[in-house]
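For the sequence shown, the working numbering gives the first residue as 415, with consecutive numbering after it.
All remarks here apply to the structure that follows.
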Amino acid sequence: MRKVLVTGGAGFIGSNFVHYLLNKDSHAQIFNLDALTYAGNLANLAGLPDAQRHQFIEGDIADFDKVKELLRQQAIDTVIHFAAESHVDRSISGPTAFVQTNVNGTLNLLEAVRHVWVNEKLLPLEAVRFHHVSTDEVYGTLAPDDPAFAETTPYSPNSPYAASKAASDHLVRAYHHTYGLPITITNCSNNYGPYQFPEKLIPVIVLNALEGKPLPIYGDGQQIRDWLYVEDHCAAIHLVATQGQVGETYNIGGNTQPTNLEIVKQICAILDELRPDAQLTPREQLITYVKDRPGHDRRYAIDGRKIARELGWTPSESLATGLRKTIQWYLDNSEWLAGVRQKQEYQSWVKNNYQQRAASPSE
Ligand code: NAD
Ligand code: DAU
415 MRKVLVTGGA
425 GFIGSNFVHY
435 LLNKDSHAQI
445 FNLDALTYAG
455 NLANLAGLPD
465 AQRHQFIEGD
475 IADFDKVKEL
485 LRQQAIDTVI
495 HFAAESHVDR
505 SISGPTAFVQ
515 TNVNGTLNLL
525 EAVRHVWVNE
535 KLLPLEAVRF
545 HHVSTDEVYG
555 TLAPDDPAFA
565 ETTPYSPNSP
575 YAASKAASDH
585 LVRAYHHTYG
595 LPITITNCSN
605 NYGPYQFPEK
615 LIPVIVLNAL
625 EGKPLPIYGD
635 GQQIRDWLYV
645 EDHCAAIHLV
655 ATQGQVGETY
665 NIGGNTQPTN
675 LEIVKQICAI
685 LDELRPDAQL
695 TPREQLITYV
705 KDRPGHDRRY
715 AIDGRKIARE
725 LGWTPSESLA
735 TGLRKTIQWY
745 LDNSEWLAGV
755 RQKQEYQSWV
765 KNNYQQRAAS
775 PSE
């Protein structure tokens, strides 16, 4: 039985990973440590398959004693580290929490793991793995003709979020180099799918388009992201954590790079088909240009050749099929949505973020 500590497993990708792992590996026992910030939601963990192999622990990755005791008492052999502050816009309005969780929190987690695995030698180092989940944003932004991000691309983070993730990547790598901690790192592009908190582009657009509200496009909408369906990301993480080479980084991407405007139009077209509405159709008419994100990265693209070559992973979902599944999920899960949207914190975020952007894109 593998004993897996998942951090941030009540968030978007972490909870999808918990579902994925319980289905995929009947020998995995999961300990899910999550601080339940605004982005954490126990409803993401409802209806888990074989739920007795999952235990939720509310707690902060920055709590050294708690993490150390958990590692020791449960003889954890695998850590999959998702917990983070993850929203770029929030990192611009309040960077401190990003450094606290993404940098200090990750450092603390590494210290606890070093204490138990390296110093106390609770388990042989050949039998343990620390996997760090990171982002393509550490590489900065690409000009139109630049080659896609490879594992060798120099780091050049542009937002406080990206800078804090870059710092955490460096710490993880350094713990391998200095203390021999068996680590792997993945740097992934934009995810979408079930349970994504409705502050990120795709759920914002789906919900507003359903309700006939303006569809906010930052700046000119020509920014490019490399979209990946979340279950594909989970499969890639599992593969790297179990079969990836210790000390190595793997980039993960979706091989699909529409502009923001194109993806918004695709969502509108799918909703026009699934939920026709004489008043709203075509929903494209709701597109509204708003003030841009400061320092907005223009283009991301992933060179996924290393993970394909070494581990045989490529995405299985196309943007068309993944988007359709995602939109259908939001249509089918109105209770989940209502639960998230009734919270005061969510309502004030939406109000503040979009009120201060309600100006022409050039301002
Ligand atoms: P999310 O914001 O949806 O979830 C983050 C989770 O971490 C929440 O459940 C939250 O409660 C928890 N958390 C926050 N601070 C914590 C702390 N101090 N201690 C314990 N738990 C804490 O994030 P997500 O989109 O699921 O991203 C998960 C990870 O994947 C992050 O590390 C992010 O950088 C990375 N990532 C995300 C994407 C994406 O497109 N969303 C892409 C690539 C990488
Ligand atoms: O690239 C991976 C990263 O993708 C992850 O590391 C982050 O955790 C994740 O949040 C995501 O970051 P982005 O900033 O790319 O995602 P977001 O959904 O916030 O924005 C996607 C694009 O859409 C971006 O160019 C900004 C734009 N946007 C976003 C919102 C919320 C809009 O035009 N309008 C909006 O209302």
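From the three backbone atoms N, C-alpha and C, an ideal C-beta is built for every residue, glycine too.
Inter-residue Cα distance where the pair is residue i and residue j
i: Leu536; j: Val704; result: 54 Å
i: Glu726; j: Tyr744; result: First, the amino acid is wrong: residue 726 is Gly here, not Glu. Computed Cα separation, rounded: 31 Å.
i: Ile475; j: Ile677; result: 35 Å
i: Thr492; j: Ser730; result: 26 Å
i: Gly607; j: Gly423; result: 15 Å
i: Leu595; j: Pro561; result: 32 Å
i: Gly635; j: Phe470; result: 40 Å
i: His652; j: Lys417; result: 14 Å
i: Ala576; j: Ile599; result: 15 Å
i: Cys648; j: Ala655; result: 11 Å
i: Glu472; j: Pro612; result: 22 Å
i: Pro571; j: Glu565; result: 14 Å
i: Thr515; j: Asn674; result: 29 Å
i: Tyr452; j: Arg755; result: 11 Å
i: Gly709; j: Gly554; result: 10 Å
i: Val618; j: Phe496; result: 22 Å
i: Arg719; j: Ala442; result: 29 Å
i: Glu840; j: Ile506; result: Here the chain covers residues 415 to 777 and nothing more, so residue 840 does not appear.
i: Lys480; j: Arg486; result: 10 Å
i: Gln769; j: Trp763; result: 10 Å
i: Asp691; j: Phe563; result: 41 Å
The alpha helix (DSSP H) enclosing residue i, as first and last residue numbers
i: Asp746; result: Leu733 to Asp746
i: Leu447; result: Segment Ala442 to Asp448 is the beta strand (DSSP E) holding Leu447; no alpha helix (DSSP H) there.
i: Arg486; result: Phe478 to Gln488
i: Val542; result: No alpha helix (DSSP H) holds Val542; DSSP gives it neither H nor E.
i: Phe611; result: Unbroken run through Phe611: none, as it is neither H nor E.
i: Val764; result: Gln758 to Gln769
i: Val660; result: First-last for Val660: undefined, no H or E at that position.
C-beta atoms of residue i and residue j nearer than 7 Å
i: Ile721; j: Tyr643; result: no
i: Asn430; j: Pro463; result: no
i: Leu629; j: Ile684; result: no
i: Gly668; j: Trp641; result: yes
i: Phe478; j: Ala526; result: yes
i: Val517; j: Ala581; result: yes
i: Arg771; j: Tyr714; result: no
i: Tyr632; j: Asp706; result: yes
i: His384; j: Ile494; result: Nothing can be reported for residue 384: it is not among the residues displayed for the chain, which extend from 415 to 777.
i: Pro509; j: Pro574; result: yes
i: Ala419; j: Ile490; result: The question names Ala, but residue 419 in the sequence shown is Leu. A contact, by the Cβ cut-off of 7 Å.
i: Gly425; j: Gly454; result: yes
i: Val547; j: Trp531; result: no
Range covered by the beta strand (DSSP E) that runs through residue i
i: His501; result: Looking at the DSSP string, His501 is not in any beta strand (DSSP E), and its letter there is neither H nor E.
i: Pro630; result: Leu629 to Tyr632
i: Gln469; result: His468 to Glu472
i: Ser573; result: It is not in any beta strand (DSSP E) - Ser573 carries neither H nor E in the DSSP assignment.
i: Lys417; result: Arg416 to Thr421
i: Arg563; result: Going by the sequence as given, residue 563 is Phe instead of Arg. Segment: none, Phe563 is in no beta strand (DSSP E) and carries neither H nor E.
i: Thr702; result: Ile701 to Val704
i: Thr663; result: Thr663 to Ile666
i: Asn601; result: Ile597 to Cys602
Neighbour-count burial assignment, residue i, 16 or more Cβ in a 10 Å radius
i: Lys765; result: exposed
i: Thr520; result: buried
i: Ala752; result: exposed
i: Ala623; result: buried
i: Thr592; result: exposed
i: Lys579; result: buried
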